[in-house]
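**Q** Pasting in a structure now, in structure tokens, and then I'll have a few things to ask.
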């Protein structure tokens, strides 16, 4: 049965009541968004021992080449909980929202959300990022005015995006996570198509932004010690080559205060 509303999971720390009030006020302006708050996992408060019950720190260290911040681990587990809720429901897809965004009300957000909801109804595993910076090839698909959807090669940000059941199932079925929430390159290599909308109809609210994003480290490239590391290195090398040749291009999002 086709969804007449958009199931929307909003990730929020229960103690961040001001942020919950803020995002509720923003999203409630869009009547067809069916909001359900998902309690964010506060990795910094839980600690590594507790987090290790649901997160593979050893595999993550081998993959990332460094230890993830506990806040990043909590973020990953928070998004994973949204996927599990989607799979436990009868919905085809869901909109995942972090609580630090604002809507650009002068943009055609209503049309774009509905277009995105139709687009995500794919039988193949698909994620549609609605706010991201990304590398891509090709011209993209025009959807309305100056808005286009691009097939990404590498992308970052899990601020707001659509995900269908097929993609959610692939991620949940992969076993204990070892990745960061927005490791879209990893999910692409696993067979999930990662598309991105550009420009975005939302902005990142610097007044309430997540405190872990600016602390994130970059992966250190090294001689691969496993097939997974080899694929990461080859993937990154291919991306750099195509960018130098001008075949692959880049789109950037803008963070600003309202």
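In full-length UniProt numbering, the protein residues as written are 1 to 258.
Glycine included, C-beta positions come from ideal geometry on N, C-alpha and C.
#1: Given this structure, state the Cα-to-Cα distance separating residue 56 from residue 106, to the nearest angstrom.
#2: Per DSSP, residue 265 is paired with what?
#3: Any chance the segment 84-92 sits against the segment 58-69, with 3 or more Cβ pairs inside 8 Å?
#4: In the segment 14-44, which residue ranges form an unbroken alpha helix (DSSP H) of at least 4 residues, counting only runs that do not cross its ends?
#5: Could you tell me the distance, in whole angstroms, from the CA atom of residue 60 to the CA atom of residue 170?
#6: Could you check how far apart the C-beta atoms of residue 152 and residue 195 are, in whole angstroms? I think they sit under 8 Å.
#7: Residue 147 by DSSP, collapsed to three states: which one?
#8: Quick one: which unbroken alpha helix (DSSP H) runs of 4-plus residues sit fully inside the segment 105-153? Chain order, please.
#9: For residue 185, count neighbouring Cβ atoms within 10 angstroms of its own Cβ and tell me buried if that reaches 16, exposed if not.
#10: Determine the extent of the beta strand (DSSP E) in which residue 96 is found, giving its start and end residues.
#11: Kindly confirm or deny that the segment 39-53 and the segment 125-133 touch, where touching means at least three C-beta pairs closer than 8 Å.
#12: Please report the distance separating the alpha-carbon of residue 5 from that of residue 97.
#13: Counting only beta-carbon separations shorter than 9 Å, does residue 163 have a partner in chain D?
#14: Given 8 Å as the limit, is there contact between the segment 22-31 and the segment 134-144, that is, 3 or more CB pairs closer than that?
#15: Enumerate, from N- to C-terminal direction, the unbroken alpha helix (DSSP H) stretches of 4 or more residues contained entirely within the segment 160-203.
#16: Confirm, please, whether the CB-CB distance from residue 133 to residue 251 is below 9 Å.
#17: Taking 9 Å as the threshold (C-beta atoms), are residue 113 and residue 201 in contact?
#18: Grab the span of the beta strand (DSSP E) containing residue 9 for me, first residue to last.
#19: Closest to residue 176 by C-alpha separation, out of 51, 241 and 167, would be which residue?
#20: Does the beta-carbon distance from residue 203 to residue 103 come in below 9 Å?
#21: For residue 58, list the residues DSSP reports as bridge partners.
**A** Reading it off the structure:
#1: 43 Å
#2: The structure shown does not extend to residue 265, since the chain is modelled only from 1 to 258, so the question has no answer here.
#3: no
#4: 17-27
#5: 18 Å
#6: 6 Å
#7: strand
#8: 109-119
#9: buried
#10: 93-98
#11: no
#12: 15 Å
#13: The displayed structure is made up of one protein chain only, and chain D is not part of it.
#14: no
#15: 165-172 and 184-189
#16: yes
#17: yes
#18: 6-12
#19: 51
#20: yes
#21: According to DSSP, which records beta bridges pairwise, residue 58 is partnered with nothing at all.
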